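Chemist: Next up is a structure, given as structure tokens.
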DNA sequence: ATGTTGATGTCGCGG
DNA sequence: CCGCGACGTCAACAT
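Residue numbers (the numbering used here), protein chains in the order written: chain D, 464 to 702; chain B, 464 to 702.
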């Protein structure tokens, strides 16, 4: 629909298939209040709403919407005088996006598929590979547990080295920062406290920021730099 | 344009205003390879591309696109036999999204505004307020520095209590988890090492998970629970 | 460009 | 639901 009247638009939206994605281009004002508060001055924006309740107002830049409500929100449409008002309500936490449309330029409803798409190359893939190839960590390394629960987070791999010492391994799929070191440190401290003996801690990642590396070293933790590949890892000793 | 031919579509896309957002609804196959690897089987999806290079393939659920390329990517359009091929290339890191369109259902170009919208209720707002109202922390608290750089991250507020002891404050706008505690701990350790004397560490947030609270307490750190408001804070002593 | 943190993060998993 | 952590996080900001 090109330049529909607000009445036509309200009818169209109410009558749309419940499984369709709605696209709206219009001159509008937007207000959001919930976990935070934000708003848009009158201007031309694009709305995308999905059948799962997702409500987004996009501008001309960036991947993220300017204003949005997440999946599970409910959409209400009403005519207020000359304006078409869209209200997206999320119940918990209570959040509200209100759109006041002055002039509609385009309105369309599209049937779009839902798929669960698989991503390859995640941290979990790396952990899988390490569990199947424990010698990669070092000769004689054995895996005790994967996703070992500490109460302050899960240890990617808990293992034992050839001398019998416990080893905590934290894996990052991309560059590790101070946070990753902190995480490893937290797990090492936890195991140390529980067992009365300090385990080794190894961070495994394709890269690490310099200050994170320094922080790691001052905490007596170890680092293994890897080169990722779709099916395997390679150790990098030159850094 | 409704159901344009692929030739018409290619012309339309190439001739579009460089400041417009493009919307495409079609039956397509999509492949992504870059930091990871993913793909979509032939199906009906919605593409949104923005003038800043953002390229997104949306399904019928969720806020995030199924496949995307971030701002700064370049879009190439070509006809390959019967198919219309869109190629979005990001140079650093090298990433590629390829879309093979079999059947176009809709193609539209829209001029949309760019705005920088202000969000109220961020962490920075809370820190601002605390800096203007230091007694909120406790009687006699004085602010020394805001965003104090440690080399392993920035301390939200560095201050001094009424007895002259250094205080490190970390603020979270929503529920704090173990890594917020870790962050505070990291800063406290850093200052301790630099000054030779251990400072106090206070976490300020509207909520904290129970294990994070336990972790905080076992590390001799303190907690202030707040109730946020758009213009002020209230201290919650009952938890 | 690198590095770090915040986010209305979102998303998925597990208890 | 809560809690926890990954994410192709993204995006802003400082160096």
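The beta carbon of each residue, even a glycine, is placed where N, CA and C say it ideally should be. A quick note: this is a predicted structure, and the numbers were derived from the prediction, not measured.
Who are the neighbours of residue 513 of chain D on chain B, taking C-beta pairs under 7 Å?
Modeler: Those within 7 Å of residue 513 of chain D in chain B are 523, 524.
Chemist: Is residue 540 of chain D closer than 8 Å to residue 523 of chain B when the C-beta atoms are compared?
Modeler: Contact: no.
Chemist: Just to confirm before moving on: does the CB-CB distance between residue 621 of chain D and residue 633 of chain D stay below 8 Å?
Modeler: Contact: no.
Chemist: Buried or exposed for residue 551 of chain D, please, with buried defined as at least 16 other CB atoms from any protein chain shown within 10 angstroms of its CB.
Modeler: Buried, since its Cβ has 16 or more Cβ neighbours within 10 Å.
Chemist: According to the Cβ coordinates, are residue 525 of chain B and residue 534 of chain D closer than 8 Å?
Modeler: Yes, Cβ-Cβ distance for residue 525 of chain B and residue 534 of chain D is below 8 Å.
Chemist: Using DSSP with H/G/I as helix, E/B as strand and the rest coil, what is residue 501 of chain B?
Modeler: Strand.
Chemist: Output yes or no for whether 8 Å exceeds the beta carbon distance between residue 547 of chain B and residue 567 of chain B.
Modeler: Contact flag set, yes.
Chemist: Which first and last residues belong to the beta strand (DSSP E) in which residue 656 of chain D is found?
Modeler: Note, residue 656 of chain D: premise wrong, no beta strand (DSSP E); alpha helix (DSSP H) at 641-658.
Chemist: Taking Cβ positions, are residue 615 of chain B and residue 663 of chain B nearer each other than 8 Å?
Modeler: Not in contact: residue 615 of chain B and residue 663 of chain B (Cβ atoms no closer than 8 Å).
Chemist: Round the Cβ separation of residue 666 of chain B and residue 650 of chain B to the nearest angstrom and send it over; I've been treating them as touching at under 8 Å.
Modeler: Their Cβ separation, rounded to whole angstroms, is 11 Å, which puts residue 666 of chain B and residue 650 of chain B out of contact at 8 Å.
Chemist: Assuming residue 499 of chain B and residue 581 of chain D form a contact by the criterion Cβ under 8 Å, report the distance between their Cβ atoms to the nearest whole angstrom.
Modeler: About 10 Å; that fails the 8 Å criterion.
Chemist: DSSP three-state label for residue 595 of chain D, please.
Modeler: In this structure, residue 595 of chain D counts as helix in the three-state DSSP scheme.
Chemist: Mark residue 505 of chain B as exposed unless 16 or more other C-beta atoms lie within 10 angstroms of its C-beta, in which case mark it buried.
Modeler: Exposed: under 16 other Cβ atoms inside 10 Å.
Chemist: Could you please give me the residues that DSSP links to residue 515 of chain D through a beta bridge?
Modeler: Answer is none; residue 515 of chain D lacks a bridge partner.
Chemist: Could you tell me the distance, in whole angstroms, from the CA atom of residue 673 of chain B to the CA atom of residue 652 of chain D?
Modeler: C-alpha separation (whole angstroms): 18 Å.
Chemist: Enumerate in chain order the residues of its own chain whose CB-to-CB distance from residue 492 of chain B is below 6 Å, with the five nearest sequence positions on each side excluded.
Modeler: Correct list, in chain order: 505, 563.
Chemist: For the beta strand (DSSP E) containing residue 698 of chain D, name the first residue and the last one.
Modeler: Residue 698 of chain D -> beta strand (DSSP E) spans 696-699.
Chemist: Suppose contacts are defined by Cβ-Cβ distances below 8 Å. Is residue 644 of chain B in contact with residue 679 of chain B by that definition?
Modeler: Yes, the Cβ-Cβ distance between residue 644 of chain B and residue 679 of chain B is below 8 Å.
Chemist: I'd like the span of the beta strand (DSSP E) that includes residue 547 of chain B, first residue to last.
Modeler: Element bounds for residue 547 of chain B: 546-553.
Chemist: Go ahead and pull the three-state DSSP assignment for residue 483 of chain D.
Modeler: Strand at residue 483 of chain D.
Chemist: Inspect the beta-carbon positions of residue 542 of chain D and residue 464 of chain D and report whether they are closer than 8 Å.
Modeler: Cβ distance not < 8 Å, so residue 542 of chain D and residue 464 of chain D don't count as in contact.
Chemist: Determine, using beta carbons only, whether residue 565 of chain D and residue 490 of chain D come nearer to each other than 8 Å.
Modeler: The answer is yes: Cβ separation under 8 Å.
Chemist: Return the residue from the list D/697, D/646, D/512, D/690 that minimises the CA-CA distance to residue 682 of chain D.
Modeler: Residue D/646 is the option with its Cα nearest to residue 682 of chain D.
Chemist: Return no unless some Cβ of chain D is closer than 8 Å to the Cβ of residue 676 of chain B.
Modeler: No, no contact with chain D.
Chemist: If you measure between the beta carbons of residue 589 of chain D and residue 691 of chain D, is that distance less than 8 Å?
Modeler: Result yes, Cβ atoms of residue 589 of chain D and residue 691 of chain D sit closer than 8 Å.
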